[in-house]
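Protein chains in written order, with UniProt numbering: chain Z, 1 to 281; chain S, 1 to 313. Here a beta-carbon is modelled for each residue, glycine too, at the ideal position from N, C-alpha and C. Okay, structure first, notes after.
Set out below in structure tokens:
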């Protein structure tokens, strides 16, 4: 009797492990092939039979990207835009989150509903008037044009998450500051912000990722290489050279590094915050 | 900190007024709006004004390109709704989003349940979880180039299928009108299931263990527990995730634009690529605006179901 239970457990475990490995290969093999291709010479990319590691294994494709001023400029642009979007989003969302968390006021529910609904508006609907607006304001092909429009994606999520985070902090904390003669403003910056750092980091990481990955607005609202971001740079690499696959893969990996690093560093906090946001939003 | 300030609070005010809520002056009542003003300003500039603009564009003739566009009534809408390309895009989008969402759900649930299995050690779980999330960490531009490489007629996917004897010669997955839509749907499935998986994993961990214990005592098997305990407990999360996924997938642009561009022969044209082409390739901004408004209305219908689902919970 005891042995059959044990064998059944072992069998079940083997079944789950087999399933996990098959699923893992489905998820992982394409990524492995990207890395492998980035380390080949372009002539070996479609060799038959395919090999994971070839004779001419080298980092040449990476040096080609990193030695190209145009490609480096794409990275600089992406960093500038993503950092600016992150800082501005956190600032604006913190103020809004404070209002939603600590006050009750007329139209509170309405304003909140509008903010939540912004998340559902299709970017393709917005890109046409944005084009008109950005050209009209003289922001076409500039950093501010991209930074401003990226905030339509990042702000609603950030406000929802920060409001939820501030709601978990006891009101007695800010009351105590006000008793000492402080104002709402000092309560927010002296007490709430310092203890909200973990929550702000999670929101900041997500904001950075959204902006770093954004494609449609970057494609439509910029024109010249000195304003293009990494996702557009990857696309331009496809037409520019006659398919330098190894360089395209190297560029893709270099372009994914910031997001991969941020994710690995903040994995736990990030997944927690993400699911809370998705399920409750 | 709180303990040191508490006595002070009692002394000067005599405990009559609650600090903070003390003054209901005009300035005090306006405070929350002050904190909200940057948000409200941004929402007006980034959403209210653009939506009004796109609606007004859609009723005019030749906006942006011409200086003084004239009122055109519903002409742009008639043009879009009778355009066979638009109707094809509508059909493709419906197929693309429904197959993607169902597959995301099935894969996400299967992977989440395996990752949640009590038979597995902590380290194995942590490693597999990172591997499973991987596809979601790459931006769509990267996913597009990876799969263009893999699905190339002389690429590695065709090599494997040829070796297994499933096909005779290399298939041009993204260039064949009969296969391209299925190919990009597959790529979208690969890139999108992790989000479902993460949410379902969190939901699975939230199911009280005693429900399973009670079911096990009743002598139920694994399948019965899945149908009668797991699925009913996950239902609210599944429904809201599915609606969100339908909305998000319908907004997918970069993947299609960078793999097939809507081709071959419009077989992978989506509402997003159709609208984009009208605006930025044809410079028909008025027609594009009409299409964009239709997309917005369709999304609002989905969003309505989402909000209703959230209320029920």
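query: Cβ neighbour criterion (16 or more within 10 Å) applied to residue 205 (chain S); result: exposed
query: Cα-Cα separation between residue 21 (chain S) and residue 102 (chain Z), rounded to whole angstroms; result: Note that residue 21 (chain S) scores a pLDDT of 48, beneath 50, so its modelled location is shaky and nothing firm can be said.
query: Anticipated Cβ contact below 8 Å, residue 61 (chain S) with residue 274 (chain S), distance rounded; result: With a Cβ gap of about 20 Å, residue 61 (chain S) and residue 274 (chain S) do not count as contacting.
query: Inter-stretch contact at 8 Å, needing at least 3 Cβ pairs: the stretch 119-134 of chain Z / the stretch 278-290 of chain S; result: yes
query: Top-ranked residue by Cα proximity to residue 269 (chain S), from S:256, S:280 and S:281; result: S:256
query: Chain Z residues whose Cβ lies nearer than 7 Å to that of residue 101 (chain S); result: Near residue 101 (chain S) there are no residues of chain Z at all, since even the closest Cβ is about 15 Å away, more than 7 Å.
query: Closest residue to residue 141 (chain Z) among Z:10, Z:267 and Z:229 (Cα-Cα distance); result: Z:229
query: Whether residue 76 (chain S) touches residue 58 (chain S) by CB criterion (8 Å); result: yes
query: Through-space distance from residue 223 (chain S) to residue 199 (chain S), alpha-carbon basis; result: 22 Å
query: Backbone secondary structure at residue 60 (chain S) - three-state DSSP; result: strand
query: Residue 153 (chain Z) in three-state terms, based on DSSP; result: helix
query: Contact set for residue 309 (chain S): own chain, Cβ-Cβ below 7 Å, skip 5 residues either direction; result: 239, 240 and 243
query: Min CB distance residue 232 (chain S) to chain Z below 8 Å; result: no
query: Where residue 198 (chain Z) meets chain S, residues with beta-carbon distance less than 9 Å; result: Residues of chain S passing the Cβ test: none, with the nearest at roughly 18 Å.
query: Minimum Cβ-Cβ distance from residue 255 (chain Z) to chain S less than 8 Å; result: yes
query: Segment contact flag, the stretch 102-115 of chain S with the stretch 171-180 of chain Z, C-beta cutoff 8 Å, min 3 pairs; result: no
query: Same chain, Cβ closer than 6 Å to residue 14 (chain Z), neighbours up to 5 away in sequence not counted; result: none
query: Contact under 8 Å by Cβ, residue 107 (chain Z) with residue 202 (chain Z); result: no
query: Cβ neighbour criterion (16 or more within 10 Å) applied to residue 63 (chain Z); result: exposed
query: In chain order, each alpha helix (DSSP H) run of at least 4 residues that lies wholly inside the stretch 145-211 of chain S; result: 156-163 and 180-205
query: Residue 71 (chain S) (DSSP reduced to helix, strand or coil); result: strand
query: Those runs of the alpha helix (DSSP H) which lie wholly inside the stretch 130-191 of chain Z and span at least 4 residues; result: 143-167 and 172-179
query: N-terminal and C-terminal residue of the alpha helix (DSSP H) that residue 312 (chain S) is part of; result: 285-312
query: Rounded straight-line distance, which links the Cα of residue 168 (chain S) to that of residue 128 (chain S); result: 35 Å
query: Buried versus exposed call for residue 152 (chain S) [16 or more other C-beta atoms within 10 Å across all chains shown]; result: buried
query: Cβ-Cβ distance between residue 134 (chain S) and residue 27 (chain Z) below 8 Å; result: yes
query: CB contact flag (residue 264 (chain Z), residue 205 (chain Z), <8 Å); result: no
query: Length at least 4, wholly inside the stretch 102-139 of chain S: the alpha helix (DSSP H) runs in chain order; result: 122-133
query: Residue 158 (chain S) vs residue 252 (chain S) beta-carbon contact at 8 Å; result: no
query: Under 9 Å by beta carbon: chain Z residues contacting residue 43 (chain S); result: 111, 114, 115, 118, 152, 155 and 156
query: Own chain partners of residue 96 (chain S) with C-beta closer than 6 Å, once the 5 adjacent residues on each side are dropped; result: 185
query: Residue from S:230, S:193, S:301 and S:181 with nearest C-alpha to residue 24 (chain Z); result: S:193
query: For residue 244 (chain Z), the nearest candidate out of S:166, S:227, S:146 and S:254 (CA to CA); result: S:146
query: Residue 74 (chain Z) - DSSP class collapsed to helix/strand/coil; result: helix
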